[in-house]
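Student:
Protein chains in written order, with our numbering: chain D, 94 to 402; chain W, 678 to 1123.
Spelled out as structure tokens, the structure:
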């Protein structure tokens, strides 16, 4: 990869020699300036401003009294019992989701890596859940899980698997796993594509060499495929962990954090604190805690997997 | 007003002058109205949630024709209405009159965004003709903040056909009788869970809870606002204990009640699976509509079951027209906004025209007592059942007793606490103690 790497500035120089515009880094900055200005306004400013208000007691219903409180907002939120409930729910949801997504995506990628009739059609169908908007996905699963007239109970009753309608989202023991299931269903396609692309890049010579050395199919999978898939796994795990930790849409549509805090995850707590209680100070503090935790987790995963690449 | 018109004189051209002069000759009544129009510096900003928008627009047209004043109507979905309006208040967006839910009144009044309307006899003269709970629901710190838009209450419904099949001649009077009848229906195999409860943690939850607590003779708080919900003698513990027993012991209420929101409950009841249901009263119309329900004509309203020390009381809620503090700063604008509020919430040309349109066209109920005697309204109410029974239940409706500036934060603890008891993670006493503790903490810090 390094041998044939393209030297971008040299290409630009070569190209600029045949067109009227001479290459000039300052011109590049000039063209980038409008986009950077927009980004500064819509992205950088909100990030910096939210950090700023996390040090103030900002409650929208008390617009004239917003004193500086330093790190009190941060201390206040971590001292609440509900914060740790939210942390534990988030950890469970993330772990279950990421592990399941990675394993299922690997299995589907292995399948799609084989040559068989209808593989292209299957690949196209696989993308359907990913293409469904998050809110539509949530509403669909709400209808499936609904206990009185939902599709899941209807199906199970029709095939005789159950003799009466069961409570699904209403059972705290099942709630988080059912939401994770809806999340997994939507995210598996993207993970599959990422793993499949990595799989396709494994040189065939490695398999030939392993076969010559007497490795069977399982050994080739364990000693060639899996190690070679580490970059793909790293990407999937980091990306899905970040998406799972911040998952809000499904919680909002399916359970609103209930029943009895069974699905009260961090993103839900941030929503409640910020937009229901209108406490923007503590809401911003919670957001920063979540952001820092997400970055730390991503760093840890990249370090852990990256060292072995 | 004359002064404000005069201030703009320099900008008025010859044609404008002639046009205004011609308007001035158009009779005394029209003169007054046209004068208002000329004086209006900008249209009245009227904000509502997205409900009955066409009706509102048509009534605004009537107002504009009658008064010559212009009105800008803006809407936001109900689900985002509070956040939208709070953002507008904080940002200083122009707002004059708006729809307000009783739930937000203390918060908005404390923040100084709403202005009291007690000094406007034009609005308060209607109080005598309005249910007590409605006036109370528009009142905070002894100040009235609006005039009625619509109000309704939590009703107890039953499926007449299922009761008849079970050999039950009349619906239950008490919560104990309800348990007996539900068990009879369940044992007869007519319904797996005969009683529908919708106790998902959503905006309706407090209304469902309050209806049960009030009918048990209970309260969440006393007259001084102190938490009494954990007191076994005050009814909240009894109400929650009834639900817990109904789910866990008798199995007459589905354990899925904690995931069932009001709308899902409505659909479930309309599918004919339930014999009884705690449902907002205005839904009776939908449930008896052949186009929307599988059990049309079979759904009847009964008085709320009562507890041993209770009555048939239920909870009522209120949506009203409020006046913003921003409009109140300007005398002329205040007068115009009050005029608009009366046109909608009071009488328009000697008739509660908008309230009647709302009820007849979309079924939104009213808090005006005299409308129960109106022949058109009585006729329209036949879709709901016995008009006199409805009037009686309405007279027993009570204002929610937990509506405070800290209601939202308390409700985020109270709702899950009830749910925890229902799913067996705590006892009713523990749940309500947690709820009371949170109330006391928030009250102390307020």
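Ideal Cβ positions, reconstructed from N, Cα and C, are used throughout, including at glycine. What you are looking at is a predicted structure, and each value in this text was computed from that prediction instead of being measured.
What does residue 828(W) pair with, by DSSP beta-bridge criteria?
Tutor: By one-based count along the second chain, residue 828(W) stands at place 151. Answer is 995(W), bridged to residue 828(W).
Student: How big is the Cα-Cα spacing for residue 180(D) and residue 204(D)?
Tutor: In the first chain, residue 180(D) corresponds to position 87, counting from 1. In the first chain, residue 204(D) corresponds to position 111, counting from 1. Whole-angstrom Cα-Cα distance: 36 Å.
Student: Nearest to residue 337(D) by CA position, among 220(D), 141(D), 264(D), 272(D), is which residue?
Tutor: Sequence index remark: in the first chain, residue 337(D) carries index 244 (1-based). Ranking 220(D), 141(D), 264(D), 272(D) by Cα distance to residue 337(D) puts 272(D) first.
Student: Since residue 199(D) sits in a beta bridge, which residues does DSSP pair it with?
Tutor: What you label residue 199(D) is simply residue 106 of the first chain in a count that begins at 1. Looking at the DSSP assignment, residue 199(D) forms no beta bridge with any residue, so it has no partner.
Student: Determine whether the beta carbon atoms of residue 917(W) and residue 1093(W) lie at a separation below 7 Å.
Tutor: Here residue 917(W) is taken as the residue at index 240 of the second chain, counted from 1. Here residue 1093(W) is taken as the residue at index 416 of the second chain, counted from 1. Cβ atoms of residue 917(W) and residue 1093(W): not closer than 7 Å.
Student: What is the rounded straight-line gap between the Cα of residue 999(W) and the Cα of residue 965(W)?
Tutor: Against the second chain, residue 999(W) aligns to sequence position 322. Against the second chain, residue 965(W) aligns to sequence position 288. So the alpha carbons of these two residues sit roughly 34 Å apart.
Student: Since residue 1085(W) meets chain D, which of its residues come closer than 7 Å, beta carbon to beta carbon?
Tutor: The residue you call residue 1085(W) lines up with position 408 of the second chain. What residue 1085(W) touches in chain D: 369, 370.
Student: Along the chain, where does the beta strand (DSSP E) that runs through residue 954(W) open and close?
Tutor: As a first step, residue 954(W) must be located in the second chain, where it is residue number 277. Residue 954(W) -> beta strand (DSSP E) spans 953–957.
Student: To which residues of the same chain is residue 871(W) closer than 7 Å at the C-beta, ignoring the five residues directly before and after it?
Tutor: For the purposes of this step, residue 871(W) is taken as residue 194 along the second chain, with counting starting at 1. Cβ within range, chain order: 859, 862, 863, 929, 951, 952, 953.
Student: Return the CA-CA distance between residue 1108(W) and residue 267(D), expressed in angstroms with no decimal places.
Tutor: Sequence index remark: in the second chain, residue 1108(W) carries index 431 (1-based). Sequence index remark: in the first chain, residue 267(D) carries index 174 (1-based). Answer to the nearest angstrom: the Cα atoms are 22 Å apart.
Student: For residue 749(W), which residues does DSSP report across the bridge?
Tutor: For the purposes of this step, residue 749(W) is identified with residue 72 of the second chain, where counting begins at 1. Its beta-bridge partners are 722(W).
Student: From residue 890(W) to residue 1088(W), what distance separates their C-alpha atoms?
Tutor: In the second chain, counting from the first residue as 1, residue 890(W) sits at position 213. In the second chain, counting from the first residue as 1, residue 1088(W) sits at position 411. Distance between the alpha carbons of residue 890(W) and residue 1088(W): 15 Å.
Student: Which residue wins for smallest C-alpha separation from residue 1052(W), given the options 1064(W), 1078(W), 1041(W)?
Tutor: By one-based count along the second chain, residue 1052(W) stands at place 375. Of the listed residues, the one whose Cα sits closest to residue 1052(W) is 1064(W).
Student: Can you list the residues of chain D that residue 663(W) reaches, using a CB-CB cut of under 8 Å?
Tutor: Residue 663(W) falls outside the range modelled here, since chain W spans only 678 to 1123, and no answer is possible.
Student: For the region 339–356 of chain D, list every residue whose C-beta sits within 9 Å of some C-beta in chain W, in sequence order.
Tutor: Those residues of the region 339–356 of chain D that come within reach of chain W (Cβ to Cβ, closer than 9 Å) are 347, 348, 349, 350, 351, 352, 353, 354, 355.
Student: Just to confirm, are residue 834(W) and residue 976(W) a CB contact at a threshold of 7 Å?
Tutor: Within the second chain, numbered from 1, the residue matching residue 834(W) stands at position 157. Within the second chain, numbered from 1, the residue matching residue 976(W) stands at position 299. Cβ atoms of residue 834(W) and residue 976(W): closer than 7 Å.
Student: The beta strand (DSSP E) with residue 979(W) in it runs from where to where?
Tutor: Along the second chain, read from residue 1 onward, the residue named residue 979(W) stands at position 302. Run containing residue 979(W): 976–979, per the beta strand (DSSP E) assignment.
Student: Let me see if you follow: with CB-CB separation under 7 Å, is residue 948(W) close to chain D or not?
Tutor: For this step, residue 948(W) is matched to residue 271 along the second chain. Yes, its Cβ sits closer than 7 Å to a Cβ of chain D.
Student: So is residue 260(D) in contact with chain W if we call contact Cβ pairs under 7 Å?
Tutor: Numbered from its first residue, the first chain carries residue 260(D) at position 167. Chain W, which has a Cβ nearer than 7 Å to the Cβ of residue 260(D), makes this yes.
Student: Within the 7 Å Cβ cut-off, does residue 183(D) reach chain W?
Tutor: As a first step, residue 183(D) is located in the first chain; it is residue number 90 there, counting from the start. False, the Cβ-Cβ gap to chain W never drops below 7 Å.
Student: Just list the residues that DSSP pairs residue 1054(W) with in beta bridges.
Tutor: In the second chain, counting from the first residue as 1, residue 1054(W) sits at position 377. Answer is none; residue 1054(W) lacks a bridge partner.
Student: Which residue's Cα is closest to the Cα of residue 974(W): 1059(W), 1049(W), 822(W)?
Tutor: Here residue 974(W) refers to the residue found at position 297 when the second chain is read from its first residue. Out of 1059(W), 1049(W), 822(W), 1059(W) has the C-alpha closest to the C-alpha of residue 974(W).
Student: When you compare only the Cα positions, how much space is there between residue 714(W) and residue 722(W)?
Tutor: What you label residue 714(W) is simply residue 37 of the second chain in a count that begins at 1. What you label residue 722(W) is simply residue 45 of the second chain in a count that begins at 1. Any reading at residue 714(W) must be qualified, since the residue scores a pLDDT of 47, below 50, and its modelled position is unreliable; the value itself is stated next. Straight-line Cα distance between these residues: approximately 15 Å.
Student: Do residue 947(W) and residue 931(W) have their beta-carbon atoms positioned less than 7 Å apart in this structure?
Tutor: Translated into the one-based positions of the second chain, residue 931(W) becomes position 254. Translated into the one-based positions of the second chain, residue 947(W) becomes position 270. Taking 7 Å as the Cβ cut-off, residue 931(W) and residue 947(W) do not qualify as a contacting pair.
Student: Please report the residue range of the alpha helix (DSSP H) in which residue 781(W) lies.
Tutor: Within the second chain, residue 781(W) is the residue found at index 104, counting from 1. Taken as a continuous stretch (DSSP letters only), residue 781(W) belongs to no alpha helix (DSSP H), as it is neither H nor E.
Student: Taking just the CA atoms, how far does residue 353(D) sit from residue 925(W)?
Tutor: Along the second chain, one-based indexing puts residue 925(W) at 248. Along the first chain, one-based indexing puts residue 353(D) at 260. Computed Cα separation, rounded: 16 Å.
Student: Could you check how far apart the C-beta atoms of residue 1098(W) and residue 921(W) are, in whole angstroms? I think they sit under 8 Å.
Tutor: Working through the second chain from its first residue, we reach residue 1098(W) at position 421. Working through the second chain from its first residue, we reach residue 921(W) at position 244. Rounded, the Cβ-Cβ distance is 5 Å, consistent with contact.
Student: Identify, in the order they occur along the chain, each residue of the same chain with its Cβ nearer than 6 Å to the Cβ of residue 1049(W), setting aside the five sequence neighbours on each side.
Tutor: Against the second chain, residue 1049(W) aligns to sequence position 372. Same-chain partners within the cutoff: 1068.
Student: Could you have a look at residue 766(W) and say whether DSSP puts it in helix, strand or coil?
Tutor: Translated into positions along the second chain, residue 766(W) becomes position 89. Reduced to three states, the DSSP call for residue 766(W) is helix.
Student: Let's see if you can read the secondary structure: which residues bound the alpha helix (DSSP H) around residue 736(W)?
Tutor: As a working mapping, residue 736(W) is identified with position 59 in the second chain. 730–744 is the extent of the alpha helix (DSSP H) around residue 736(W).
Student: Taking C-beta pairs closer than 8 Å, name the residues in chain W that residue 240(D) reaches, listed in chain order.
Tutor: Position 147 of the first chain, counting from 1, holds the residue named residue 240(D). What residue 240(D) touches in chain W: 931, 933, 936, 937.
Student: Note down, in chain order, every chain D residue with its Cβ under 8 Å from the Cβ of residue 767(W).
Tutor: As a working mapping, residue 767(W) is identified with position 90 in the second chain. The answer, in chain order, is 153, 156.
Student: Within 10 Å of its beta-carbon, does residue 694(W) have 16 or more other beta-carbons around it, so buried, or fewer, so exposed?
Tutor: For the purposes of this step, residue 694(W) is taken as residue 17 along the second chain, with counting starting at 1. Its pLDDT being 42, under 50, residue 694(W) is placed unreliably by the model, and the measurement read from it follows with that caveat. Result: exposed.
Student: Could you tell me the boundaries of the alpha helix (DSSP H) in which residue 171(D) lies?
Tutor: In the first chain, counting from the first residue as 1, residue 171(D) sits at position 78. From DSSP, the alpha helix (DSSP H) with residue 171(D) extends over 165–172.
Student: Count Cβ pairs between the region 217–231 of chain D and the region 289–307 of chain D that sit closer than 8 Å; are there 3 or more?
Tutor: No: the two stretches stay apart, fewer than three of their Cβ pairs being nearer than 8 Å.
Student: With 7 Å set as the bound, which would you pick, yes or no: does the beta-carbon of residue 682(W) sit closer than that to a beta-carbon of chain D?
Tutor: Here residue 682(W) refers to the residue found at position 5 when the second chain is read from its first residue. Because residue 682(W) carries a pLDDT of 37, less than 50, the predicted location of this residue cannot be relied on, and the following value inherits that uncertainty. Cβ-Cβ to chain D under 7 Å: no for residue 682(W).
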